[in-house]
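As structure tokens, the structure follows; a few thoughts come after it.
Protein chains in written order, with our numbering: chain A, 700 to 889; chain B, 495 to 1030.
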């Protein structure tokens, strides 16, 4: 994206009959965009790998998937923590209202993205299978054999689908805001 | 976060929805496929377990028969047949289980069978082998049961996670579909319904589309196109309305013009009638003036004659007085004569005075006539001005009329100037006649003095010389006065001649005026006729 952050680019639409001044809205910074799409891809991968490994139940493929899922989960946790830090330290120019941010929805999604890996991690700590790829082992964040493994991992699964519903909502609201944006950009310039 | 090409158009939205639902459906399908393959595996395991259990049951019954045969001391052939059967079954089991533990157990069982089949040993030894075999069988049976239980729990676990996965994916799918329906109803159905309502209700409802017009997608384009269309419709309507208004205004103006034209025609006709009347009256007034002037001329001539005669008489008086002064002897006689002559002279002077009075009277009458002519000329001038104004209002059609009005005005001006000239002449006449009256009075006084002196001559002889000198001088002065009077009369006569000329000019002018008025009426009538034809 070549837009200057915070600047308005007033290009006129080509068709004269239905001319509509187009305003480039305040853009997200490049790191924010990278964080967003990396998170999106990781979440998609986590969901598919999670569902598939649970469906397979046992076997060598399932075991490999478990390892990958755990490793990626750690990655998601790291990315989301960095992302939150970035958003706090380097907020995008302009207010949430000008930028069409939905802070409540965004921070709920961030919380879910933090809670999800932590729940999974606690579950495997209790269950006692903390091994990840390349022979590493995660530190335990929950006493092994405390008997909460099933509960923790079930919650992890249900929360995953709850979060997916939030993601669907997020996509719908973002499309709505994006589609109606021209109107408000004009209204602000009146 | 959206890429630049993403505008939220219907096709792009459908792609997003399709991707979301596609991911969910693929997940569901892969879950289903994994489940199916897992179930196939489980089925195969169960089938295997069934075969195993069947062979186990057959082996159990074979074992029971062997035991019975051994305990009942049956013949070797019978036992041998049963043992052969059990061997077959055991080898089949071995093939099924395949584990090392099971293999060693089966080997032990085979050895036990060999011992049972050894009829050279005593019965007790064979029975102990039988017991050993039995224990081996129990262990094997337990292992089979264990593997079956494991199979079952695996099956149950797979079924549970499958159910959970499918349920959650389906719920998520329902949520996404519900959201798609909700949002697309808001984004697509409602704006279309609004547009339909705008199309139904016409251009004043177009403000309903204000919000839609600012959208980026096809609905936005459609709303803007509709707004533009209704803007054009509104403009056309306004233009038609304006045109109609202008047309009605033009018709009203035309009507007004026609009415004005009719009023103007009648006014012009009135003016022309008045003008004609005035011309006629002016003509007769100037004729009167001519008559009066010639009358004055006559009277002036008569007065001059009379004065000449007075002058002659005065000369006679002077001669007589000269005679008196030169011939003192005939004074009394001459005085008597003088008294008679002065009586005659007084009579003549009286007549001259009367003539002068008549002249003054005539001059006053002329002045009245001149005033009348002057009034008429002024009115004519006014009328000509009115006619000019009306002609200017009539525009192109009144141009000929304007020329005529200008002519009339000029005539009126000339008339006015002529009457001014006459008035000047008249003033000369009046003052001259006043002077005549004065002098006549002085003449009367002189004559009376002469009379007095003549009377006193008879009684006062001594003062005769002085008196005759006084008389001589008085007579000389009287003669001088008379000469002056005669001169004045001649001037009056010439002035009256001037007045007559002026009156003749006025007559000519007023006849011209009459002609012009007739021309004017003809022009107006033609104009009226033309405008009526145009109006018709």
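Glycine is no exception: its CB is placed at the ideal position from the N, C-alpha and C atoms.
Excluding five sequence neighbours on each side, which residues of the same chain lie with their C-beta closer than 7 Å to the C-beta of residue i?
i: residue 789 of chain B; result: 856
i: residue 779 of chain A; result: 738, 809, 812 and 813
i: residue 666 of chain B; result: 518
i: residue 766 of chain B; result: 1011, 1014, 1015 and 1018
i: residue 659 of chain B; result: 525
i: residue 708 of chain B; result: 714
i: residue 770 of chain A; result: 831 and 832
Output the distance between the C-alpha atoms of residue i and residue j, rounded to the nearest integer angstrom.
i: residue 864 of chain B; j: residue 965 of chain B; result: 46 Å
i: residue 1021 of chain B; j: residue 758 of chain B; result: 11 Å
i: residue 729 of chain A; j: residue 495 of chain B; result: 10 Å
i: residue 838 of chain B; j: residue 1008 of chain B; result: 54 Å
i: residue 514 of chain B; j: residue 854 of chain A; result: 24 Å
i: residue 841 of chain A; j: residue 827 of chain A; result: 10 Å
i: residue 976 of chain B; j: residue 918 of chain B; result: 26 Å
i: residue 512 of chain B; j: residue 710 of chain B; result: 21 Å
i: residue 714 of chain B; j: residue 879 of chain A; result: 9 Å
i: residue 471 of chain B; j: residue 532 of chain B; result: It is not possible to answer for residue 471 of chain B, since the shown part of chain B is limited to 495 through 1030.
i: residue 731 of chain B; j: residue 872 of chain A; result: 42 Å
i: residue 615 of chain B; j: residue 558 of chain B; result: 20 Å
i: residue 874 of chain B; j: residue 983 of chain B; result: 36 Å
i: residue 502 of chain B; j: residue 825 of chain A; result: 46 Å
i: residue 728 of chain B; j: residue 680 of chain B; result: 29 Å
i: residue 850 of chain B; j: residue 1004 of chain B; result: 32 Å
i: residue 736 of chain A; j: residue 686 of chain B; result: 34 Å
i: residue 822 of chain A; j: residue 815 of chain A; result: 11 Å
i: residue 706 of chain B; j: residue 712 of chain B; result: 10 Å
i: residue 974 of chain B; j: residue 834 of chain B; result: 22 Å
i: residue 551 of chain B; j: residue 600 of chain B; result: 16 Å
i: residue 883 of chain B; j: residue 741 of chain B; result: 30 Å
i: residue 853 of chain B; j: residue 967 of chain B; result: 31 Å
i: residue 506 of chain B; j: residue 516 of chain B; result: 15 Å
i: residue 988 of chain B; j: residue 784 of chain B; result: 15 Å
i: residue 573 of chain B; j: residue 640 of chain B; result: 32 Å
i: residue 632 of chain B; j: residue 610 of chain B; result: 18 Å
Can you tell me where the alpha helix (DSSP H) with residue i in it begins and where it stops?
i: residue 531 of chain B; result: 504-565
i: residue 618 of chain B; result: 617-678
i: residue 816 of chain A; result: 802-826
i: residue 609 of chain B; result: 594-611
i: residue 1031 of chain B; result: Because residue 1031 of chain B is not part of the residues shown, which for chain B are 495 to 1030, the question remains open.
List the residues of chain C whose Cβ lies closer than 9 Å to the Cβ of residue i, in chain order.
i: residue 730 of chain B; result: Of the chains in the structure shown, none is chain C; the protein chains are A and B.
Who are the Cβ neighbours of residue i in its own chain at under 6 Å, not counting the five residues just before and after it?
i: residue 700 of chain B; result: 692, 721 and 724
i: residue 860 of chain B; result: 786 and 920
i: residue 607 of chain B; result: 577
i: residue 779 of chain B; result: 863, 866 and 867
i: residue 642 of chain B; result: 543
i: residue 570 of chain B; result: 613
Helix, strand or coil, according to DSSP, for residue i in the structure here?
i: residue 836 of chain A; result: strand
i: residue 846 of chain A; result: coil
i: residue 696 of chain B; result: coil
i: residue 756 of chain A; result: coil
i: residue 876 of chain A; result: helix
Excluding the five sequence neighbours on either side, which residues of its own chain have a C-beta within less than 8 Å of the C-beta of residue i, listed in chain order?
i: residue 990 of chain B; result: 787, 790, 791, 794, 919 and 923
i: residue 645 of chain B; result: 536, 539, 540 and 543
i: residue 970 of chain B; result: 812
i: residue 746 of chain A; result: 859 and 863
i: residue 754 of chain B; result: 887
i: residue 785 of chain A; result: 730, 731 and 734
Compute the minimum distance between the beta carbon of residue i and the heavy atoms of the ligand ATP, and state whether it is under 7 Å.
i: residue 845 of chain B; result: The ligand content of the structure shown is nil, which means the ligand ATP is not present either.
Exercise. Does the segment 794-801 of chain B touch the segment 904-917 of chain B, meaning 3 or more C-beta pairs lie closer than 8 Å?
Worked result: The segment 904-917 of chain B vs the segment 794-801 of chain B: no contact.
For this session: Determine contact between the segment 701-721 of chain B and the segment 743-761 of chain B, defined as no fewer than three beta-carbon pairs at a distance below 8 Å.
Result: no
For this session: Examine the Cβ distances between the segment 999-1008 of chain B and the segment 923-936 of chain B and report whether three or more of them are shorter than 8 Å.
Result: no
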